[in-house]
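A short write-up of the structure that comes next.
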Amino acid sequence: MSKIRHLLRLHAQGRSKLQIAAQTGVARNTLKKYLQIFEQNRLTIQAVNELSDKELEDIFIKDEVRPVSDKLKTLFDLFPLYSKELKRKGVTRQLLWEEYKKTHPDGLGLSQFKKYYNQWKAQTNPVMHMEHKAGDKMFVDFAGDKLQIVDPASGEVKETEVFVAILGASQLTYVEALMSQQKEDFIAACERAMIFFGGVPAAIVPDNLKSAVVKSSKYEPTLNESFADFAEHYSTSILPARAYRPRDKSLVENAVRLTYTRIYARLRAQNFTSLEALNASILIALEMHNSVPLKGRNYSRRDQFNDIEKSALAPLPALRYELKKQFFATVMKNGHVSLGPDKHYYSVPYRFIGKKIKILYSRHSVEIFYNYERIALHSRVMQPYAYTTQKDHLASAHRFVSEWTPEKFIQWAASIHDDVKSYITEILNGKQHPEQAYKSCIGILSFSRKVGNDRLIRACQRALSYGLYNYKTIQNILEKGMDKYQDDESEQLQMPLHENIRGKKYYQ
């Protein structure tokens, strides 16, 4: 490579081909080929200096594959068909070569067949080589073939999905059987994969399944809201593979193929009666797969992970993710919203009364949003038709109402007189629910400010003697002045004169 750099520098300095050949010792035909490649690729000496030796070798040394015999010409004519056949499930280059040898007994051997196919493929369909950085990406996908569990009671066979995740740099792999590809199962599997790896990658690369991507796009796909929330919890990013671009996830596709041979094959003779038993066996086979040395190397995926990628992953958060569901509602006039599935009411700041809001709720929490701003956060309560209220959310007039309790009214009444306390207690006891009596209690006790404690005490004493317990009774007693008289006959109110009233002498 240094000789190629040298002759290109001499060429850039304006030396003739004869001078360059004499100075470098390179044959003139070889020199012409190098200079032709240099000009065809529109390179500059600055660009050449920036290339690594490997990149320089790829440009100047690896010549195009040209059929030089009838055998090669025949083989190259078959490659377009073979390329199409290889897309079919189960078709391998070994199988195609066997079919090729049957029709062309004097054809090339297997190793030459594979060599020339790879060269043809590289020419006709070049692929960018992707170097995966440690801790950068976790690729996830579902295997096409399913595993099975058998119900021991009914004998029913249930198919399970198989989730596969692989880290880009070390190729450490995680495999798990799930009952579905729904977002609940999918997100939980992604979480368990990161727990298995012991850290969080910078990005997760899923296929365009609905649990991850609501709407695929070449430039800006729409992510599933729950999956995006999961990524935010783990401080990672979602980079969906491009639609109809299988090379974007070729690493996980290869991991799926290895899963078939190294996990499925080992489990084929076993029967499983539960998902837990199936995953326990998968984990044993998975550890064997991760511990097998990589082809042509003296270290395994696990060794490579421990050496280069484990320390590059971000730490796991202290709390695990809780899947959130969403619910839409309108804030009621009392400053609360109803979470429909639980039939429970939660307060929001009173300025949002009448607004349409979104509720995100998990197993333990309830978050309420308006125009993407979180306006309230509550612990989730499952009690139906009950209220969870934060006093700061209420207007000043409502805060006093929210503090009403039977004990508070009894204490208030006792501070006036024991007879007032007794009367208020009877009112509270007379209702099926104490809250039904709160307004009556407020109305009765407020008379202390209007007519004074003494009159209210006497009104309650008289009402107790009547055995009538309601706000209207106290109001009538006070309005008619009945609290000012004693119960003896001499001080009773005089009956008004009227022609239709006979009077006491009529009965003598």
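In this text, residue positions in the sequence shown follow our numbering: the first is 7, and each later residue adds one. Backbone N, C-alpha and C define an ideal beta-carbon position, used for all residues, glycine too.
Counting only residues of its own chain and dropping the five nearest sequence neighbours on each side, Ile359 has a CB closer than 7 Å to the CB of Val337, Lys339, Gly341. Tyr266 and Arg369 have their alpha carbons spaced roughly 36 Å apart. Contact between the region 315-322 and the region 350-358 is absent: fewer than three C-beta pairs spanning the two stretches fall below 8 Å.
Secondary structure note for His342: its beta strand (DSSP E) is the uninterrupted segment 342-345. At a Cβ-Cβ threshold of 9 Å, Ala194 and Leu329 count as neighbours. Rounded to the nearest angstrom, the gap between the Cα atoms of Gly174 and Ala237 is 18 Å. In the DSSP annotation of this structure, the continuous segment of the alpha helix (DSSP H) that includes Asp424 starts and ends at 424-435. Counting C-beta pairs closer than 8 Å gives fewer than three between the region 159-166 and the region 259-273, which falls short of the contact rule. Annotation for Ile201: Leu322 place their beta carbon closer than 8 Å to its own, counting only its chain and skipping 5 residues before and after.
With at least 16 other beta carbons inside 10 angstroms of its own, Leu84 counts as buried.
Distances from the alpha-carbon of Ile290 to those of Tyr40, Tyr270, Gly436, Asp76 put Tyr270 closest. For Tyr393, the CB contacts under 7 Å within the same chain, skipping 5 residues up- and downstream, are His342, Tyr351 in chain order. Looking at the DSSP output, Ser176 sits in no beta bridge, so it has no partner there. If the five residues before and after Ala209 are omitted, its C-beta is found closer than 8 Å to the C-beta atoms of Asp142, Lys143, Met144, Thr242, Ser243, Ile244, Leu245, all from its own chain and listed in chain order. In terms of Cβ geometry, Leu178 and Asn260 do not form a close pair [threshold 9 Å]. Comparing alpha carbon positions, the residue from Leu14, Leu78, Ser256 closest to Arg48 is Leu14.
CA-CA distance, Lys77 to Leu101, rounds to 19 Å.
The C-beta distance from Asn277 to Val156 rounds to 6 Å, short enough to fall under 8 Å. Counting every other CB atom within 10 Å of its CB across the protein chains shown gives Ser117 a total below 16, marking it as exposed. Residue state for Ser368 is assigned as coil, using DSSP reduced to three classes.
Beta-bridge pairing by DSSP links Glu182 to Phe169.
In chain order, Arg99, Trp103 place their CB closer than 8 Å to the CB of Lys120, counting only its own chain and leaving out the 5 sequence neighbours on each side.
Counted as a single uninterrupted DSSP element, the stretch harbouring Ser160 is not any alpha helix (DSSP H), since DSSP gives it neither H nor E. Taking the Cα positions, Lys23 is about 20 Å away from Gln52. The alpha-carbon of Glu61 is positioned some 34 Å away from that of Tyr106. Lys490 and Tyr429 have their C-alpha atoms roughly 18 Å apart. Looking at the DSSP output, Gln332 shares a beta bridge with Leu366. Under the three-state reduction of DSSP, His110 is assigned to coil, being neither helix nor strand. Around Phe334, the same chain offers Lys364 as residues with beta carbons nearer than 6 Å, after the five sequence neighbours per side are excluded. Closest in alpha carbon position to Ser385, among Tyr367, Lys38, Tyr391, Lys445, is Tyr367. Annotation for Leu284: the continuous alpha helix (DSSP H) segment containing it runs 281-297.
In terms of CA proximity to His110, Thr80 leads the group Thr479, Ile314, Thr80. Nearest to Met185 by alpha-carbon distance, out of Gln332, Phe148, Ile65, is Phe148. In this structure, the beta-carbon distance from Leu451 to Leu462 falls below 9 Å. The beta carbons of Gly150 and Val262 sit closer together than 9 Å.
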